[in-house]
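K.L.:
In order, the protein sequences belong to chains A and B. As numbered in the numbering used here, residues 1 to 223 make up the first sequence, in order. As numbered in the numbering used here, residues 1001 to 1467 make up the second sequence, in order. Glycine residues also receive a C-beta, built at the ideal position from the N, C-alpha and C atoms.
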Amino acid sequence: MRILIIEDDVEAAEAMVRGLSDNGYDCTHAADGELGLAAAQKRDFDVLIVDRMMPKMNGVQVVETLRREGDATPVLFLSAMGEVGDRVDGLKAGADDYLVKPYAFAELIARVEALSRRRETGAVATTLKVGDLEMNLIARTVHRGETEIDLQPREFQLLEFMMRHAGQSVTRTMLLEKVWEYHFDPQTNVIDVHISRLRSKIDKGFERQMLQTVRGAGYRLDP
Amino acid sequence: MRLPRIFRTTTFRMTLLFLAVFAMSAAAFLFYAWFATAGEVTRRADAEITREMNSLEAVYRRGGAEALNQALIERASGERPFLYLLLDKDGKRMTGSIAESPVDEPGPGETWASFSVTDIDMDGGEIKRPARGLQERLEGGETLFVGADVGESRSFVSGIVNALWGAGALVIVLGLAGGAIVSRNVSQQMAGLTDTVAAVRGGDLKARARIRGVQDEYDELAEGLNEMLDRLERSMGGLRHAGDAIAHDLRSPLTRLRARMESALIEVEAGKGDPKQALVQALDDADGVLSTFNAVLAIARLQAAGQAPDQTCFDPGQLAADIAELYEPLCEDKGLDFKAELTPQLTVKAARPILTQALTNIIDNAIKYTPPGGAVMLRVRRRSSGEIEFSVTDTGPGVPEEHRARVVQRFVRLENSRSEPGSGLGLSLVAAVAEAHGGRLELDEGPGEYNGSGPGLRVALVLPRVE
Chain A
1 MRILIIEDDV EAAEAMVRGL SDNGYDCTHA ADGELGLAAA QKRDFDVLIV DRMMPKMNGV
61 QVVETLRREG DATPVLFLSA MGEVGDRVDG LKAGADDYLV KPYAFAELIA RVEALSRRRE
121 TGAVATTLKV GDLEMNLIAR TVHRGETEID LQPREFQLLE FMMRHAGQSV TRTMLLEKVW
181 EYHFDPQTNV IDVHISRLRS KIDKGFERQM LQTVRGAGYR LDP
Chain B
1001 MRLPRIFRTT TFRMTLLFLA VFAMSAAAFL FYAWFATAGE VTRRADAEIT REMNSLEAVY
1061 RRGGAEALNQ ALIERASGER PFLYLLLDKD GKRMTGSIAE SPVDEPGPGE TWASFSVTDI
1121 DMDGGEIKRP ARGLQERLEG GETLFVGADV GESRSFVSGI VNALWGAGAL VIVLGLAGGA
1181 IVSRNVSQQM AGLTDTVAAV RGGDLKARAR IRGVQDEYDE LAEGLNEMLD RLERSMGGLR
1241 HAGDAIAHDL RSPLTRLRAR MESALIEVEA GKGDPKQALV QALDDADGVL STFNAVLAIA
1301 RLQAAGQAPD QTCFDPGQLA ADIAELYEPL CEDKGLDFKA ELTPQLTVKA ARPILTQALT
1361 NIIDNAIKYT PPGGAVMLRV RRRSSGEIEF SVTDTGPGVP EEHRARVVQR FVRLENSRSE
1421 PGSGLGLSLV AAVAEAHGGR LELDEGPGEY NGSGPGLRVA LVLPRVE
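Below you can see the structure in the form of structure tokens.
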């Protein structure tokens, strides 16, 4: 996986390169918007990480230019501004996800991972299958092996998201954003409680535990 | 050289413009009056001359040149102010009160002439006076001239004209004076406002324009200016307060973070401490600092903006139901009885994400402070005033009445809650959100004693009715 990091803060970029390289990504760094756009136009990358505020050309302009040229490479937007309006601006420009600085490193890795695999699940599927867990998206039923699992609507959405990102770490903030569509950090462990309920439904009575807790990051559904 | 300030004001310029328009119409009127009066005087003189001529012609027809000559002599010595001249066939003067005819080229019938007569006044000076005359050739070949001195009437006309010019001059003088007074008055009114603006520009944010209480447009302007300054001062105050608050609230966790890292370093160097443990703790502390920072920033932005951005109309019950769905499992896990009482089909106008965050803050607090066995209730209803009320009631220890106002202020956490995690900004943020929607935050006592705890707290976020 090749990643282009367009970020004018060299120190932050270096930390990102180090951390992503450790996780097996091949990183390239561009130090301003113009250099970044030129590099991105080679279309040699799987994910772009674009900082919003940069000299010469800001992140919104970079993403808008790429999208206008028909480039659909997934973009993760980074910004120090966390207001609703700023997030909407970034997404409107064509970014696929948005992360507010400062972020936990696990959050960055999880989101890059989610973006880099996005294209592989392009086809419209009516069923999802992870290990012996099977979800029918039309009938809205879930089976593990032969056992039917009864889920509440929100639990169904939660499991669907976990299944679409099977094998990847997903953070609590990602779940809150993608499943509940809330954009704030809750002070309490609301998400943990929902996960533990879901876990008791899909893993209870089975020898192999599929829904794993990833320390310092979040959760992962293993096949 | 620059004109004095009063002549440079807009009001004075307006006055000048009106004056010019007025002077022009006055001039038109003057011209018309002169034209009408002067014309009338000439017409009257001509009519009298014609009548006199007719009467003299009648005398001539009855008695011939001799009778006419006699009549002229009589009349010239009479009171009538006519001038006569009778010439014989050869143009020689027969009789009359003037020496020769003022008509240079007599026509075949009647010929009118305007001329002037010279009088000797009492001091012996010559005075030329305007006159009109009619000359006619009589049947017998003689020439008769009848004239009249119109000087009297003409001086009457010029008297009128002079009076009108005088009046015009007076109008202009009075107009200029009036304009100066009006602009002086306006300038004085404006001076107060200008002084206030200058004071504020000079850095005195407390300066306010004086309101005279007469409810005119200057008062309105002054009130608008004052309101604007109040708002500015508040938001500047908010920012300054945010600065103080950030300094105050971030200093202690930063100090703690630094102390922990320092002692961890000493211990690790001595080969005793666990570096990993120290780093995990440091990371936790840093996250706490960041969350406080974010909350302060959110409050400051809301207060600076004055109004929540991007407000839309939606069903508050639906919003609360979503939140209830998110929080109910957490309550159950903590052994709390959770209940939601949501009136359906209400409408509220608000910035949905911000309102959601405020409500989750209230519920987070309620869950945090209510001991197991207690209850938390989320309620949405419409008050009889039409306002929409979101309320969360818990059965925790509550907040003593005397502390309730203080809890809403930034960063205040009561002593007995120090052990709980959180930035202490929860309710301050909620209060800022309520204000940014034109609403308010109300704190009340809860339901009283409940399963060994109480009296509880009821937090209500009240939003204005939607018209």
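1. Does the distance from the C-beta atom of A:Ile234 to that of A:Cys27 stay below 8 Å?
2. From B:Leu1017 to B:Gly1179, what does the alpha carbon distance come to, in whole angstroms?
3. Can you give me the C-alpha to C-alpha distance between B:Arg1231 and B:Glu1435, rounded to a whole angstrom?
4. With a threshold of 6 Å on Cβ separation, who are the neighbours of B:Ala1045 within its own chain once the five nearest residues in sequence on each side are excluded?
5. Find the residues of chain A that neighbour B:Val1367, judging by a C-beta separation of less than 7 Å, and give them in chain order.
6. Going along the chain, which unbroken runs of the beta strand (DSSP E) with 3 or more residues stay wholly within the segment 76-147 of chain A?
7. Starting from B:Leu1086, follow its DSSP beta bridges and name the residues at the other end.
8. Evaluate the contact criterion for the segment 1214-1223 of chain B versus the segment 1184-1196 of chain B: three or more CB pairs, one atom per stretch, below 8 Å.
9. Under 7 Å between beta-carbons, which chain A residues line up against B:Ala1357? List them in chain order, please.
10. Use the C-beta contact count for A:Gln168: other C-beta atoms within 10 angstroms, 16 or more gives buried, fewer gives exposed.
11. Have a look at the DSSP bridge pairing and note the partners of B:Thr1393.
12. Counting only beta-carbon separations shorter than 8 Å, does B:Ser1384 have a partner in chain A?
13. Just the Cα atoms here: how many angstroms apart are B:Ile1127 and B:Ser1158?
14. Going by DSSP in three states, B:Tyr1450 sits in which element: helix, strand or coil?
15. Might you give, ordered along the chain, the residues of its own chain that have their beta carbon closer than 8 Å to the beta carbon of B:Arg1093, omitting 5 neighbours on each side?
16. Taking Cβ positions, are B:Gly1398 and B:Gly1335 nearer each other than 8 Å?
17. If we ignore side chains and look at the alpha-carbon of each, how far apart do B:Leu1096 and B:Glu1040 end up?
18. Using a Cβ-Cβ cutoff of less than 7 Å, which residues in the same chain neighbour B:Gln1307 once the five nearest sequence positions on both sides are dropped?
19. Three Cβ pairs or more, each shorter than 8 Å: is that satisfied between the segment 1067-1083 of chain B and the segment 1050-1058 of chain B?
20. Give a yes or no on contact between the segment 1296-1304 of chain B and the segment 1272-1284 of chain B, applying the rule of three or more CB pairs nearer than 8 Å.
21. In whole angstroms, what is the alpha-carbon distance linking B:Arg1381 and B:Ile1362?
22. From B:Leu1205 to B:Tyr1218, what distance separates their C-alpha atoms?
23. Give the DSSP-derived three-state secondary structure of B:Glu1387 in the structure shown.
24. In chain A, which residues lie with their C-beta within 7 Å of the C-beta of B:Glu1325?
25. Name, in chain order, the residues that DSSP records as bridge partners for B:Gly1133.
26. Below 8 Å between beta carbons: does that hold for B:Glu1105 and B:Glu1136?
27. Around the Cβ of A:Glu155, are there at least 16 other Cβ atoms within 10 angstroms (buried) or fewer (exposed)?
28. For B:Val1471, which residues of its own chain have a beta-carbon under 7 Å away from its beta-carbon, when the five flanking residues on both sides are left out?
29. Spell out a yes or no on whether the segment 12-30 of chain A and the segment 55-75 of chain A are touching, meaning 3 or more CB-CB pairs, one atom from each, closer than 8 Å.
30. Rounded to whole angstroms, what's the CA-CA distance from B:Leu1229 to B:Gly1202? Just pull it up for me.
31. Find the nearest neighbour of A:Gln61 within the set A:Phe161, A:Gly90, A:Asp8 and A:Leu151, judged by alpha-carbon distance.
32. Would you report the Cα separation of B:Thr1292 and A:Ala104, rounded to the nearest angstrom?
33. Can you check whether the C-beta of A:His29 is within less than 8 Å of a C-beta belonging to chain E?
34. Show which residues of chain B have a CB atom less than 7 Å away from the CB atom of A:Val193.
35. Can you pull the chain B residues whose beta carbon is under 9 Å from the beta carbon of A:Arg18, in chain order?
36. Tell me where the alpha helix (DSSP H) around A:Thr73 begins and ends.
P.N.:
With the given structure in hand:
1. Coverage of chain A is limited to positions 1 through 223, which leaves residue 234 of chain A absent and any answer about it impossible.
2. Your numbering for residue 1017 of chain B matches position 17 in the second sequence. Your numbering for residue 1179 of chain B matches position 179 in the second sequence. B:Leu1017 and B:Gly1179: Cα-Cα distance of roughly 10 Å.
3. Position 231 of the second sequence holds residue 1231 of chain B. Position 435 of the second sequence holds residue 1435 of chain B. Their backbone Cα atoms lie some 14 Å apart in a straight line.
4. Locating residue 1045 of chain B in the second sequence gives position 45, where the first residue counts as 1. Excluding sequence positions up to five before and after B:Ala1045, its CB lies within less than 6 Å of the CB of Arg1132, Ala1148 and Val1150, all in the same chain and listed in chain order.
5. Walking along the second sequence from the start, residue 1367 of chain B turns up at place 367. Per the sequence shown, the amino acid found at residue 1367 of chain B is Ile instead of Val. The contacting residues are Thr188.
6. You should have 97-100, 127-130, 133-136 and 141-144.
7. Residue 1086 of chain B sits at position 86 when you count from the first residue of the second sequence. B:Thr1095 and B:Leu1144, per the DSSP bridge assignment.
8. As far as the Cβ criterion goes, the segment 1214-1223 of chain B touches the segment 1184-1196 of chain B, which means the pair count is three or higher.
9. To locate residue 1357 of chain B, count along the second sequence from 1; it is residue 357. A quick correction: the sequence has Gln, not Ala, at residue 1357 of chain B. What B:Gln1357 touches in chain A, judged by beta-carbon distance under 7 Å, is Phe184, going in chain order.
10. Locating residue 168 of chain A in the first sequence gives position 168, counting from the first residue. Buried, since its Cβ has 16 or more Cβ neighbours within 10 Å.
11. In the second sequence, counting from the first residue as 1, residue 1393 of chain B sits at position 393. Partner residues in the beta bridge of B:Thr1393, as assigned by DSSP, are B:Met1377 and B:Arg1458.
12. Residue numbering aside, residue 1384 of chain B sits at position 384 when the second sequence is read from its first letter. False, the Cβ-Cβ gap to chain A never drops below 8 Å.
13. The residue you call residue 1127 of chain B lines up with position 127 of the second sequence. The residue you call residue 1158 of chain B lines up with position 158 of the second sequence. For B:Ile1127 and B:Ser1158, the distance between alpha carbons rounds to 16 Å.
14. As a first step, residue 1450 of chain B is located in the second sequence; it is residue number 450 there, counting from the start. Strand at B:Tyr1450.
15. Indexing the second sequence from 1 puts residue 1093 of chain B at position 93. Leu1085, Leu1086, Leu1087, Ala1099 and Glu1100, listed in sequence order.
16. Along the second sequence, one-based indexing puts residue 1398 of chain B at 398. Along the second sequence, one-based indexing puts residue 1335 of chain B at 335. Not a contact, by the Cβ cut-off of 8 Å.
17. The residue labelled residue 1096 of chain B in the question sits at position 96 within the second sequence. The residue labelled residue 1040 of chain B in the question sits at position 40 within the second sequence. According to the sequence displayed, residue 1096 of chain B carries Gly and not Leu. Whole-angstrom Cα-Cα distance: 28 Å.
18. Sequence index remark: in the second sequence, residue 1307 of chain B carries index 307 (1-based). Result list for B:Gln1307: Ala1436, in chain order.
19. Yes, the segment 1067-1083 of chain B touches the segment 1050-1058 of chain B.
20. Judged by Cβ distances under 8 Å, the segment 1296-1304 of chain B makes no contact with the segment 1272-1284 of chain B, as fewer than three pairs qualify.
21. By 1-based counting over the second sequence, the position of residue 1381 of chain B is 381. By 1-based counting over the second sequence, the position of residue 1362 of chain B is 362. The straight-line gap separating the alpha-carbon atoms of B:Arg1381 and B:Ile1362 is approximately 17 Å.
22. Taking the second sequence and counting its residues from 1, the one referred to as residue 1205 of chain B is at position 205. Taking the second sequence and counting its residues from 1, the one referred to as residue 1218 of chain B is at position 218. C-alpha separation (whole angstroms): 21 Å.
23. The residue given as residue 1387 of chain B occupies position 387 in the second sequence. DSSP places B:Glu1387 in coil when its eight states are reduced to three.
24. The count along the second sequence starts at 1 and reaches residue 1325 of chain B at position 325. The contact set of B:Glu1325 on chain A, defined by CB atoms closer than 7 Å, consists of Arg154 in chain order.
25. Indexing the second sequence from 1 puts residue 1133 of chain B at position 133. DSSP lists B:Ala1113 and B:Gly1147 as partners of B:Gly1133.
26. The residue labelled residue 1105 of chain B in the question sits at position 105 within the second sequence. The residue labelled residue 1136 of chain B in the question sits at position 136 within the second sequence. No. Outside cutoff.
27. On the first sequence, residue 155 of chain A is found 155 positions in, with the first residue counted as 1. Taking every protein chain shown into account, the CB of A:Glu155 has 16 or more other CB atoms within 10 angstroms, so this residue is buried.
28. Because chain B here runs from 1001 to 1467, residue 1471 of chain B falls outside it and cannot be looked at.
29. These segments do not touch.
30. The sequence position of residue 1229 of chain B within the second sequence is 229, counting from 1. The sequence position of residue 1202 of chain B within the second sequence is 202, counting from 1. If you take the alpha carbons of B:Leu1229 and B:Gly1202, they lie about 14 Å apart.
31. Start at 1 with the first residue of the first sequence, and residue 61 of chain A comes out as number 61. The shortest Cα separation from A:Gln61 among A:Phe161, A:Gly90, A:Asp8 and A:Leu151 belongs to A:Gly90.
32. On the second sequence, residue 1292 of chain B is found 292 positions in, with the first residue counted as 1. On the first sequence, residue 104 of chain A is found 104 positions in, with the first residue counted as 1. Spanning the two alpha carbons is a distance of roughly 16 Å.
33. Of the protein chains in this structure, namely A and B, none is chain E.
34. Within the first sequence, residue 193 of chain A is the residue found at index 193, counting from 1. For the C-beta of A:Val193, the chain B residues within less than 7 Å are, from N- to C-terminus, Pro1329, Leu1330 and Asp1333.
35. As a first step, residue 18 of chain A must be located in the first sequence, where it is residue number 18. Listed along the chain, the chain B residues whose CB falls inside 9 Å of the CB of A:Arg18 amount to none; the nearest CB is some 17 Å away.
36. The residue you call residue 73 of chain A lines up with position 73 of the first sequence. Where A:Thr73 is concerned, there is no enclosing alpha helix (DSSP H), given that its DSSP letter is neither H nor E.
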